[in-house]
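Here the working numbering is used: position 152 in the sequence shown is 143, and no number is missing along the way. Ideal Cβ placement from N, Cα and C applies to all residues, glycine included.
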Amino acid sequence: MSLFWKYVWEQCKLKNVAKITMGQSPSSKNYTTNPNDTILVQGNADIKNGWVVPRVWTTQITKKAKQGSLILSVRAPVGKIGKTKYDIVLGRGVAGISGNEFLFQYFKKMNSQGYWTRYSTGSTFESINSQDISNAYLQIPTVDEQVKVGKLLKTIDSLIAANQRQQKKPWIRGPP
């Protein structure tokens, strides 16, 4: 029995492993503050701590992303990634990507390493396009390994967040 495990990660383009939907903004006359309408995600302002946070709704459905999708900011600044707990409408500042925790963590890494900035264009308002996203090369393991790696990284993220919250609390000293 070998003591070495062989992990095979395949290099592939994102378009070959995930469905990508580029956003299209509805007409602003259809924007509402009514939570009974559909959540509109327009860009970075709608993603906080890795999650979509509703702030604008719309009555016009243009491009959609389903609950559990990854939401990638494609306009100033590019590369911010979040997940959605809701079915949403995608504005033109974001793209919806079918994915899992592994891909979410992979996109966080890409963003932290400045991957998307090398593709961004525009002197006033930087952006990336559907070709940049579709043709992004990823190293992908089997689906079973993706689940395991995604769970591990999510656990580590949770531990880091809990530690950061604990550090923000005032230190309370007990009796000497």
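Residues near residue i by beta carbon distance below 7 Å, same chain, minus five either side
i	result
T12	K54, A56, L81, A86 and G87
W0	Q130, I131 and P132
Close-in-space but distant-in-sequence residues of the same chain around residue i (CB under 8 Å, 5 per side omitted)
i	result
C3	Y128, L129 and I131
T24	V47 and W48
Y77	I30, V43, P45 and Q58
Own chain residues within Cβ distance below 6 Å of residue i, not counting five before or after
i	result
I79	I30, V32 and A56
F93	Q137, V140 and G141
W107	V69, G70 and I119
L144	Q96
For residue j and residue i, believed in contact at Cβ under 8 Å, the rounded distance
i	j	result
M101	G70	7 Å
F98	L63	7 Å
I119	S111	5 Å
Pair within 8 Å by beta-carbon distance, residue i and residue j
i	j	result
G141	N91	yes
E117	P45	no
S89	K6	no
P17	Q51	yes
R66	G34	yes
Between the CA atoms of residue j and residue i - distance to the nearest angstrom
i	j	result
G84	G73	13 Å
Y22	D28	9 Å
L150	I38	21 Å
G14	D123	15 Å
Q157	K20	44 Å
A153	K159	10 Å
Assigned exposure category for residue i - 16 Cβ within 10 Å defines buried
i	result
Q173	What the structure shows of the chain is the stretch from -8 to 167, and residue 173 is not part of that stretch, so it cannot be assessed.
G113	exposed
L61	buried
T146	exposed
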